[in-house]
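Residue numbers (my numbering): 308 to 861.
Structure follows, in structure tokens:
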């Protein structure tokens, strides 16, 4: 059963947030905040989550979109991190098999490359042991001939063989929204476009937050026993507001990804490969497209406006053309891109790519708890660690006993009855059989199920009720209605970028379906023509920013 989660009910939600006292306020609606909200609410805590923009609008919609074990951390001898995130992959796949999809990864071994045959064989073996990998997912070492059979695009002259192992691919923004929506089942309240402008104090201890509502412009207070700052790249701003930005600080690095039509870079599975400067990068096929990434450069500009520039694009394209000699990618081949920030912990003397991906928790004198660092794959364990701290405090300060973490057994809301990935595949085939007579493709069925899981049924019920003659228009309207009523979609950018990923993975779909989507917003939100025009201009600007690069952007 879908829980209503809509900005059409915003006044009521704000009223409920303003009433009484919560056990915990979580600031930040990315994967870390979403994971914390689910963990705390499922243990019986009264939880409120607030996000200054849209959910997942920061780092959590701009990662490499992999739930992966961090093979490269073996090179840094960070066995603890490999063990933790390696084990987490299987757990997160089990919680949302429609959203966390098995993905074979090929690691080419090239002359003078980062990984030699012996080190890779040992490394992948250690990886299998630490991450408790079993069955078909165990690593294989391939000879040159076998590697070329799997991926004919690899460089014959310098190829010595390959490692072949298993990872998982996801949509980070969808994973975030599904964590938040699952927390609602345990009584959590969540609000996007709700910016923390100050903290409330009682006896010199943080006792809540003052919120500026980004939709109405009004301010309101939320009171709480404890506050967790999980604002990603903005963690230090909130520590500054709390006068507690002491000791360790954030070190932001930028990661860029480029998107190409699959026919321009027709890799058969994901490839993790060497760049001449000693770094590694990914090429990942996904439906109609292949995306590549990522860069790792220091960032100290406007955190609300992180963009791909020409230098980033040239760097990534050169690396691909170097590894795949028969591919000659050019700037004009880029159809979309994204750029995000990693909120890492600063370590003196270390370069951007050497910084640890471990998370750290800071507690200020006034009791504000901040969490930073970490990886998408480890979000559930990060949440468990920080909620354990809250549990301890509740016991000490309020004599309240809190249950243990059980999020490793709580299926995310799109997962109803999917025990294994084969059940997801069967459901995709079933959906295709149901929609193909209306002109939809196997890709359309795959897209619906890998975005929404069993929630696809709600979308198809709405689709059946709509009267539009064009089936594609009817389907996008059904998706949008689902997003508005059950996923807090407030504007077209929320829908096209974070709820559906279309701006990245199907940018032509955004161009072609913009008008009917804007019409639907007008009719549901009852906004005037000037608002529709403003949204249209913003969408066109986003399309331009993500797909075109010029010298001025350097």
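Ideal Cβ placement from N, Cα and C applies to all residues, glycine included.
Asked                                                                                                                                                       : Found
Alpha carbon to alpha carbon, how far is residue 707 from residue 348?                                                                                      : 15 Å
Using DSSP with H/G/I as helix, E/B as strand and the rest coil, what is residue 405?                                                                       : coil
Distance, Cα to Cα, residue 335 vs residue 537?                                                                                                             : 5 Å
Using the three-state DSSP reduction, which class does residue 773 fall into: helix, strand or coil?                                                        : coil
With a CB to CB cut of under 8 Å and the five nearest residues on each side skipped, what residues in its chain are close to residue 696?                   : 668, 670 and 676
Among the candidates 646, 849 and 582, whose CA atom is the shortest distance from the CA of residue 368?                                                   : 646
Under the assumption that residue 653 contacts residue 558 (Cβ atoms under 8 Å), give the Cβ distance between them as a whole number of angstroms.          : 4 Å
Taking Cβ to Cβ, would you say residue 355 is nearer than 7 Å to residue 522?                                                                               : no
Let me make sure I understand the geometry here. Which of 623, 471, 617 and 475 has the alpha-carbon closest to that of residue 456?                        : 471
Just mark residue 749 as buried or exposed, buried being the case when its beta carbon has 16 or more other beta carbons within 10 Å.                       : exposed
What are the boundary residues of the alpha helix (DSSP H) that residue 839 is part of?                                                                     : 836 to 854
Do you know whose CA, among 804, 814, 715 and 802, lies nearest residue 342's CA?                                                                           : 715
When DSSP labels each residue in this structure, what does residue 552 get in the three-state scheme?                                                       : coil
Within a Cβ cutoff of 6 Å, which residues of the same chain sit near residue 352, ignoring the five residues on either side of it in sequence?              : 330 and 331
Please say whether residue 640 and residue 726 have beta carbons closer to each other than 7 Å?                                                             : no
Apart from the five residues just before and just after residue 495, which ones in its own chain have a Cβ nearer than 6 Å to its Cβ?                       : 344, 348 and 354
Beta-carbon within less than 6 Å of residue 550's beta-carbon, same chain only, minus the 5 sequence neighbours each way: which residues are those?         : none
Residue 330 bridges to which residues according to DSSP?                                                                                                    : None, per the DSSP bridge assignment.
At the level of alpha carbons, what is the spacing between residue 586 and residue 421?                                                                     : 8 Å
Please report the residue range of the beta strand (DSSP E) in which residue 651 lies.                                                                      : 643 to 652
For residue 310, does the count of other Cβ atoms within 10 angstroms reach 16, so buried, or fall short, so exposed?                                       : exposed
When the Cα atoms are used, what is the spatial distance from residue 600 to residue 621?                                                                   : 12 Å
Please check the pair residue 673 and residue 508, which I expect to be a contact at CB under 8 Å, by giving their CB distance rounded to whole angstroms.  : 7 Å
Nearest-angstrom Cα distance between residue 413 and residue 392?                                                                                           : 19 Å
Reducing DSSP to helix, strand and coil, say where residue 616 ends up.                                                                                     : coil
What do you get for residue 785, buried or exposed, if any count of 16 or more other CB atoms within 10 angstroms of its CB means buried?                   : buried
Let me know the beta strand (DSSP E) ranges lying completely inside the region 523 to 598, each 3 residues or longer, listed in chain order.                : 526 to 536, 557 to 568, 577 to 581 and 587 to 593
Return helix, strand or coil for residue 446, following the three-state DSSP convention.                                                                    : coil
Can you give me the Cβ contacts of residue 626 inside the same chain, cut-off strictly under 7 Å, excluding the 5 residues immediately before and after it? : 582 and 588
What are the boundary residues of the beta strand (DSSP E) that residue 506 is part of?                                                                     : 501 to 509
Would you give the residue range spanned by the beta strand (DSSP E) that residue 784 belongs to?                                                           : First-last for residue 784: 778 to 793, but that is the alpha helix (DSSP H), not the beta strand (DSSP E).
May I ask you to list the residues that DSSP assigns as paired with residue 498?                                                                            : 357
Considering only DSSP beta bridges, list what residue 660 is partnered with.                                                                                : The partner list for residue 660 (beta bridge, DSSP) is empty, contrary to what the question assumes.
Name the DSSP bridge partner or partners of residue 415?                                                                                                    : 469
Determine the burial state of residue 574: buried for a count of at least 16 other Cβ atoms within 10 Å of its Cβ, exposed for fewer.                       : buried
Rank 562, 799 and 323 by C-alpha distance to the C-alpha of residue 825 and give the top, closest one.                                                      : 799
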